[in-house]
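Before any comments, here is the structure.
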Amino acid sequence: MANTTKVQRKLLRFIENTIVYGILILIAIIVILPVVWIVLSSFQQGTSLYSSTFIPKKLTLVHYKELFTKTDFPIWYMNTLKIAFFNMIIGVIVTTLTAYTFSRYRFRGRKEMMIGMLILQMFPSFLSMTAIFVLLTKLQLVDSHWGLIIVYAAGQIPYNAWLVKGYFEGIPKSLDEAARVDGAGHLTIFWKIIMPLARPILVLIALTNFTGPWFDFIFPKLILRSRFKKTLAVGIFEWVQGRADNNFTLFAAGSLLVAIPILILFVFLQKNIVEGLSQGATKG
Amino acid sequence: MKRKQLTTIFSIVVMGGGHFVNKFFLKGLFFFFIGLTFIYNLPGILQNTAGLISLGDTPQTVKGFDIIQGDHSILMMFDGVISVILFIFYALVYFYSIKDARRIAEQIEKGETILRGKDYLIHFYEENFPKIMLTPAILGTIFFTALPILITIMIAFTNYSAPNHLPPKSLVDWVGFQNFINIIKLKSWAGTFGRLAGWTVIWAVATTFLNYAGGLVLALLTAKKGIKFKGFWRSIFVLPYAVPAFISLLVFRLMFSGVGPVNNMLASFGLEKIPFFTDPLLAKIMVILINTWAGAPYFMILISGSLTNISSSLYEAAEIDGATRYEQFRHITLPLLLFQTAPVLILSFAYNFNNFGAIYLLTDGNPVNSSLKYAGETDILVTWLYKLTLDHQQYGMAGVISIILFAFIASISLYNFTRSKSFKEEDMI
């Protein structure tokens, strides 16, 4: 009796696991298929979407060569890299200092400021893009990369400061109090105690600030006017939006060259991202 | 006369005056200098504030072949707001200088030692450290987030729009609540707004629900007992999260387009092409499904983390009580997960509500519907707003929609916040 139930249970578990594996494989195919298609397409001969099939008949590297010799792609790449880099540096410094202050100090107006930030973070900055454009016109920062960097770096403060503060709350306050007793100053505590312990969230913020400019096309389209100032997202989007059919393979190759570095960053930093996300978001 | 009264009077008459009375010359000079810049800027401040009220009265004119520039209403509005901010700044410094001088006088009267020079600066830094650290963030947020929002709100009360009210060619006027009335009463606007608002809510609810459900399924499957290579499965499923949405959405747009490979494949099997993005209903279903592809992995990460936090003793106890696995899921896993992830869930709803890229990159808001004003079938409110602003220059109306979106989103997030843990634990906020 006991034996049969054991066998039955084993059989049941086997069937169940087989079904689960089946579902897992199915989902994996759905997840991977578009990725594989675009990778293969970038090696496909010809330029048009119309003749594109899932499996190209003949492979070629010509589109990658074209990207660097016949298009503005390298210029866009450098522009984007520059904007992303400075946005990351400025963004991380301002955000962490803000979060540190809100997390560790009690001062007049703190609560009001925090509620203000909470409300502002919900307002996507492109809702007020007309006004931002007027502001940049005033500051003579239209068609300038720095205008874009400032808009990005300032716009991310409310949301990211909130996220980082959530993470900082998880670092025991007794640590800074002990350091304070030992005579450490405000900034020393910040650099020597908080920052090393906050690595995951710092990585997350740096990464999101770095990757943001690669994919945003709203602000570059609004702010950057001249051909050689364009960023990758705008350039690539225009390939698809305009005469999509004819630039399809260029789009595929360009997309890969954008996605792969980012993907590698993600893979390397995966642990930090997961930790930063779960701790910052749930403790906010 | 008493030192304190004298100080007050001098401070009121001349900025920094009170400091001179008490022989704090450097500080006095500092305030005096700020006072000078105020006097220098005052005519401009007054003129700009007047401009804010009138929004200009000389339109651009053409004489022969020359264009004579008139008033640029929107820049005037902008200058006006900046001037008001500047005025408030001066007022704050003015009152602070009086307060500071009185404090010094008071301390002298009491015979207390007063910090000067370097000691004062150190004390000031220690005392005001939080505010000094927040200055970049506050300035950035005021000028690049709050000020644009304010201007946007103000634009909602003007007739700033194509074709007749576009500076520098023509003037813009304050119109009060006219735009708000139009969006409720004027048939073409009200009809479009109503339909788009309805679809936006459906879209936001459906994507949030499916993303969460999808993430939950992925998390549960990859955490299931007896499944091997858990890490391998997870790293495959996390792929859509790592591939930039910008690119993956464009890839889907091409993949399912009329001449794309999916339709080519159907055609090669002798089947009819499917109008994935051109049939109104199908297009809506497609954008929701594709966004599940892109959005579920985020929740898988989040839920996988939360699952490991649920104590295994709960399940052991349930097993002893004879609970089936479904009952365990229904009464232990799900409630605890929902409790932990509720804030993120609500934030995600708010995010999807304004998820511009998800719609714009896939369909541009198309297919077209001629009964909708400046909008297509899959347009949500934000993409409509974008079109109104960039393509059709209906800035006034766009301002109204911004305000509505803002009010809606802000109330959701405030509700979310007030019931969150950090709000209730007073010290955390």
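For the record, the sequence lines run as chains A and B.
Per full-length UniProt numbering, residue 1 is the first one in the first sequence, and the count goes up by one each step.
Per full-length UniProt numbering, residue 1 is the first one in the second sequence, and the count goes up by one each step.
Glycine included, every Cβ here is placed at the ideal spot set by N, Cα and C.
Within this structure, are the beta carbons of residue i and residue j separated by less than 8 Å?
i: B:A101; j: B:S170; result: no
i: A:A161; j: A:T98; result: yes
i: A:L24; j: B:L221; result: yes
i: A:N17; j: B:I227; result: yes
i: A:N87; j: A:K229; result: no
i: A:V35; j: B:L239; result: yes
i: B:I155; j: B:G399; result: yes
i: residue 304 of chain A; j: B:G140; result: No information on residue 304 of chain A is available, as it lies outside the stretch 1 to 284 that chain A covers here.
i: B:F277; j: B:F256; result: yes
i: B:L55; j: B:S83; result: no
i: B:N291; j: B:T207; result: yes
i: A:Y204; j: A:L277; result: Note that residue 204 of chain A corresponds to Leu in the displayed sequence, not to Tyr. Yes. Within cutoff.
i: A:W153; j: B:F246; result: The residue you asked about is not Trp; residue 153 of chain A is Ala in the sequence shown. Contact: no.
i: B:G365; j: B:S161; result: no
i: B:I236; j: A:I32; result: yes
i: B:I359; j: B:T383; result: yes
i: B:I380; j: B:L196; result: yes
i: B:T152; j: A:S128; result: yes
i: B:S348; j: B:N164; result: no
i: B:K224; j: A:V20; result: yes
If you follow the alpha helix (DSSP H) that residue i is in, where does it begin and where does it stop?
i: B:T208; result: 187-223
i: B:A267; result: 261-268
i: B:A137; result: 129-141
i: B:L251; result: Correcting the residue identity first, residue 251 of chain B is Val in this sequence and not Leu. 245-255 is the span of the alpha helix (DSSP H), which, as asked, contains B:V251.
i: B:M154; result: 147-155
i: B:W233; result: 230-237
i: A:V134; result: 129-138
i: A:L49; result: Per DSSP, A:L49 belongs to no alpha helix (DSSP H) and is neither H nor E.
i: A:A179; result: 173-181
i: B:K2; result: Per DSSP, B:K2 belongs to no alpha helix (DSSP H) and is neither H nor E.
i: A:K111; result: 110-121
i: B:F356; result: 356-363
i: B:V21; result: 17-21
i: A:L187; result: 186-189
So residue i is in the beta strand (DSSP E); what residue range does that whole segment cover?
i: B:K63; result: 61-63
i: B:I68; result: 66-68
Helix, strand or coil: which one does DSSP assign to residue i?
i: A:L59; result: strand
i: B:H123; result: helix
i: A:K283; result: Confidence is the limiting factor: at A:K283 the pLDDT is only 48, short of 50, which leaves the residue's position unreliable, though a coordinate-based value still follows. A:K283: helix per DSSP, three-state reduction.
i: B:E426; result: Summary for B:E426: the model assigns pLDDT 45, below 50, so the residue's position carries little reliability; its value from the coordinates is reported in the next sentence. Of the three classes helix, strand and coil, the one that applies to B:E426 here is coil, per DSSP.
i: B:H72; result: coil
i: B:V368; result: strand
i: B:Q394; result: coil
i: B:G51; result: helix
i: B:T378; result: coil
i: A:T208; result: helix
i: B:S161; result: strand
i: A:Q156; result: coil
i: A:M1; result: Its pLDDT being 47, under 50, A:M1 is placed unreliably by the model, and the measurement read from it follows with that caveat. Coil.
i: A:Q44; result: strand
i: B:G111; result: coil
Of all the CB atoms in chain E, is at least one closer than 8 Å to the CB of residue i?
i: A:A179; result: Structure shown: chain E not included; protein chains present are A and B.
- [ ] Could you say if the segment 97-107 of chain B and the segment 10-27 of chain B meet the contact criterion of at least three C-beta pairs nearer than 8 Å?
- [x] As far as the Cβ criterion goes, the segment 97-107 of chain B touches the segment 10-27 of chain B, which means the pair count is three or higher.
Open item on the list: Would the segment 248-260 of chain A count as touching the segment 60-79 of chain A if we require 3 or more Cβ pairs under 8 Å?
Closed with: Look at the beta carbons and you see the segment 248-260 of chain A touching the segment 60-79 of chain A: at least three pairs across the two are nearer than 8 Å.
Open item on the list: Below 8 Å, how does it come out for the segment 294-310 of chain B and the segment 327-343 of chain B: are there three or more Cβ pairs, yes or no?
Closed with: yes
- [ ] Write down every uninterrupted run of the beta strand (DSSP E) in the segment 57-98 of chain A whose length is 3 residues or greater and which is fully enclosed by it, in chain order.
- [x] none
Open item on the list: Under 8 Å, with one C-beta from each stretch per pair, do the segment 95-109 of chain A and the segment 130-149 of chain A reach the 3-pair mark?
Closed with: no
TODO: Scan the segment 302-336 of chain B and note each continuous alpha helix (DSSP H) run of 4 residues or more that stays entirely inside, going in chain order.
DONE: 312-320, 325-328
Task: alpha helix (DSSP H) segments (min. 4 residues) lying fully within the segment 213-270 of chain A - done: 218-223, 232-241
Open item on the list: Does the contact criterion of 3 or more C-beta pairs under 8 Å hold for the segment 114-126 of chain A versus the segment 230-238 of chain A?
Closed with: no
Open item on the list: Does the segment 268-282 of chain B come into contact with the segment 321-338 of chain B, if we say contact requires no fewer than three beta-carbon pairs (one atom in each stretch) closer than 8 Å?
Closed with: Taking a contact to require three or more Cβ pairs closer than 8 Å, the segment 268-282 of chain B and the segment 321-338 of chain B do not qualify as touching.
Task: Three-pair Cβ contact test at 8 Å for the segment 394-411 of chain B versus the segment 173-193 of chain B - done: yes
Task: contact_flag[the segment 75-82 of chain B, the segment 110-129 of chain B] where n(CB pairs < 8 Å) is 3 or more - done: no
Open item on the list: Below 8 Å, how does it come out for the segment 402-416 of chain B and the segment 304-321 of chain B: are there three or more Cβ pairs, yes or no?
Closed with: No, because fewer than three Cβ pairs between the segment 402-416 of chain B and the segment 304-321 of chain B fall closer than 8 Å, the two stretches do not touch.
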